[in-house]
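Remarks on the structure that follows.
Residue numbers (our numbering), protein chains in the order written: chain A, 208 to 485; chain B, 1178 to 1383.
Here is the structure:
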């Protein structure tokens, strides 16, 4: 079963449109939604959670479309800004969430607080950004969710905390019934973690593919401009010209044998594609 | 919805402590002091401000958005604020009524008519403010909602002045049922406001 199925999702604001977005997140997988600031990542997350109204399309969560409140019992969300009231302590937050989620696990919450070094008696306002995010993660994970939705959950964190947090997400998906949708503009984080990658640019989906397929399908070609001009145009998906030659993003299968194509990172792939899309 | 109410109790205990202290002082003054109705009415008016204060803090702390990720319906998110208003409003109402009765008894009399008038005034003053401002807050947010509320009050006052200038006069009937009717109208207004806020909030984008 798919944890999430989005078809032709459409949302229009003045000055911004999310156009016919279609995405599928199979159960047990991690899908990384990559896009620059303002690409539509947060809008997509809000649409999934019914925080904003869609203008078209369908969203199915665990195969069902409709009562999002019931689905939210099985979804853990970490938004880019964890909106816990500043005066509350982690212990108070636990008491609030115990009465909010049917499956709230106080023991698991206590263990997360301990593991992530979160003080239970300190008001939220005195937390650093990293600590705030960690408390948001503890809340999102303590009601035994099947789907985690993380919207820029790693941005603004120092490398040590980021690594710690990524490890938690990675551990979460060891259970085959668990899935993660993670949006970020820090591509390197997603490259480590994700099974599927989707690129979003100016409200349009540039691609959605298995990460391994992407790295097999695309490659980087370093050559002279004349060599590039002799190639089939459809094989070249982007290029960067420098005084030392041309670096091009190419489809490996469409390149003549003998030409040396190196591995492309997801970050390079994203940058090439976004520049090409304009 | 219990989680939302607990959260609002924690926040009230932290941010509205001064309100609770003022309520206690005014109740005491109304009991020991003179016959000034202000001291009896003020605690209820203070309590009526609590839901709006909580909405402002929710927006500042981004709870408005965060609560959209939790398993609550929009109706529950709205209802929790109206319930908090009722809980604190009822407590202030009971204290004020008790203080009035005590004052009457201490002065050697008891008047049901006076008590019913005081109760009606308390209900009207306690419910009319949140009934009018909360739908604006749920539609436009705390800050814009407050401005919209002031504009509406301005329009109502201007209309009142205009109507009075045209010779219309509102006369309070002297029927013994007047306090009960007035109180019932205030409660109905609160209920209608609740429904309206739910309708507005269902359409709001978080």
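Just so it is clear, CB atoms sit at the ideal spot from N, CA and C, and this is done for glycine as well. Keep in mind the model is a prediction, meaning the values are calculated, not measured.
Check your understanding: Residues of chain B with CB under 7 Å from residue 317(A), in chain order?
Key -> Around residue 317(A), no beta-carbon contact reaches into chain B at under 7 Å, the shortest distance being about 18 Å.
Point to revise | Cβ-based burial, residue 240(A) [other Cβ within 10 Å; buried from 16] | key: Answer is buried; the Cβ neighbour count reaches 16.
Point to revise | Which listed residue (1269(B), 1183(B) and 1220(B)) has its alpha carbon closest to that of residue 304(A) | key: Its Cα nearest to that of residue 304(A), the residue 1183(B) stands out among 1269(B), 1183(B) and 1220(B).
Point to revise | Distance CB(residue 293(A))-CB(residue 331(A)) smaller than 8 Å | key: Yes, the Cβ-Cβ distance between residue 293(A) and residue 331(A) is below 8 Å.
Check your understanding: For residue 1314(B), does the count of other Cβ atoms within 10 angstroms reach 16, so buried, or fall short, so exposed?
Key -> When all chains shown are included, residue 1314(B) counts as buried.
Exercise for review: Could you tell me whether the region 1196-1209 of chain B touches the region 456-476 of chain A, using the rule of 3 or more Cβ pairs below 8 Å?
Suggested key: They do not touch, by the three-pair rule.
Exercise for review: Answer yes if the region 279-298 of chain A comes into contact with the region 344-363 of chain A, meaning at least three C-beta pairs across the two stretches below 8 Å, and no otherwise.
Suggested key: Because the criterion of three Cβ pairs below 8 Å is met, the region 344-363 of chain A and the region 279-298 of chain A touch.
Point to revise | Chain-ordered neighbours of residue 267(A) on chain B, where CB pairs are closer than 9 Å | key: Correct list: empty, because the minimum Cβ distance to chain B is about 18 Å.
Review point. Under the three-state reduction of DSSP, which class applies to residue 1175(B): helix, strand or coil?
Key: An answer regarding residue 1175(B) cannot be provided, because it is not within the stretch 1178 to 1383 covered by chain B.
**Study point:** Boundaries of the beta strand (DSSP E) in which residue 358(A) is found, first to last residue
**Key:** 354-358 is the extent of the beta strand (DSSP E) around residue 358(A).
Review point. In three-state DSSP terms, what is residue 290(A)?
Key: Residue 290(A): coil per DSSP, three-state reduction.
Exercise for review: Return the residue from the list 325(A), 370(A) and 409(A) that minimises the CA-CA distance to residue 482(A).
Suggested key: Closest option to residue 482(A), Cα to Cα, is 409(A).
Review point. Out of 1308(B), 1302(B) and 1310(B), which has the shortest C-alpha to C-alpha gap to residue 1356(B)?
Key: Out of 1308(B), 1302(B) and 1310(B), 1302(B) has the C-alpha closest to the C-alpha of residue 1356(B).
Review point. Residue 1248(B) CB to nearest chain A CB: under 8 Å?
Key: Closer than 8 Å: yes.
Check your understanding: Residue range of the beta strand (DSSP E) that residue 454(A) falls in?
Key -> Its beta strand (DSSP E) spans residues 452-458.
Review point. What are the complete beta strand (DSSP E) segments, minimum 3 residues, inside the region 225-268 of chain A?
Key: List check, beta strand (DSSP E) in window: 237-242 and 263-268.
Check your understanding: How many angstroms separate the CA atom of residue 375(A) from the CA atom of residue 213(A)?
Key -> Roughly 26 Å separates the two Cα atoms.
Point to revise | Expected contact under 8 Å - CB spacing of residue 412(A) and residue 211(A) to nearest Å | key: Between residue 211(A) and residue 412(A) the Cβ distance is about 14 Å, and since that is not below 8 Å, they are no contact.
**Study point:** Beta-bridge pairing of residue 284(A) - partner residues as DSSP gives them
**Key:** Residue 284(A) pairs with 356(A).
Exercise for review: List the residues of chain B whose Cβ lies closer than 7 Å to the Cβ of residue 304(A), in chain order.
Suggested key: Chain B residues near residue 304(A): 1180.
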